[in-house]
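Asks:
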Amino acid sequence: MQVQNKFDKLRRSRNKGVQTSVTIRAAAAAQRAAVTIPIIREVQAAGATSLREIANALNDRGIQTARGKSWSAVQVQRVLQRV
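Okay, so the sequence shown: first residue is 1 according to the UniProt record's numbering, each after it adds one.
This is the structure we're talking about:
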């Protein structure tokens, strides 16, 4: 019985940690999107219509993703879905 209580406490603690992590990551993603969206809108105003064109424009401007990589069409789509 005592071992079960320890496992329950560990499980609750882990779940709380996961929830905190999700909240922090979501806030960071929203903050990055808030910075990136105006640039995407500017690129669209300049004539880029496809997600691939927008990704290429971001890459040409030297703007990296959150992980420091090049942009792909799917990543642009995900940022646009946050709006």
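In this text, a Cβ means the ideal position worked out from N, Cα and C, and glycines have one as well.
Is the separation between the beta-carbon of THR65 and that of GLN81 shorter than 7 Å?
Replies: Looking up residue 65 in the sequence shown gives position 65. Looking up residue 81 in the sequence shown gives position 81. Contact flag unset, no.
Asks: So, under 8 Å CB-CB, ILE37 and ILE63 are touching, yes? Tell me the CB distance rounded to an integer number of Å.
Replies: Reading the sequence shown from its first residue, position 37 is the one you call residue 37. Reading the sequence shown from its first residue, position 63 is the one you call residue 63. About 12 Å separates the two Cβ atoms, so there is no contact after all.
Asks: Sort SER72, ALA27, GLY17, ALA30 by Cα distance to GLU53 and report the nearest one.
Replies: As a first step, residue 53 must be located in the sequence shown, where it is residue number 53. Considering only alpha carbons, the answer is SER72.
Asks: Please state whether DSSP places SER50 in a helix, a strand or coil.
Replies: Here the question's residue 50 lines up with position 50 in the sequence shown. Coil at SER50, not helix or strand.
Asks: Determine the burial state of ALA57: buried for a count of at least 16 other Cβ atoms within 10 Å of its Cβ, exposed for fewer.
Replies: Mapped onto the sequence shown, residue 57 falls at position 57. Answer is buried; the Cβ neighbour count reaches 16.
Asks: Using DSSP with H/G/I as helix, E/B as strand and the rest coil, what is ARG61?
Replies: Translated into positions along the sequence shown, residue 61 becomes position 61. Here ARG61 sits in coil by DSSP.
Asks: Out of ASP8, ARG25, VAL83, LEU51, which has the shortest C-alpha to C-alpha gap to ARG67?
Replies: Translated into positions along the sequence shown, residue 67 becomes position 67. Comparing Cα-Cα distances from ARG67 to each of ASP8, ARG25, VAL83, LEU51, the minimum goes to ARG25.
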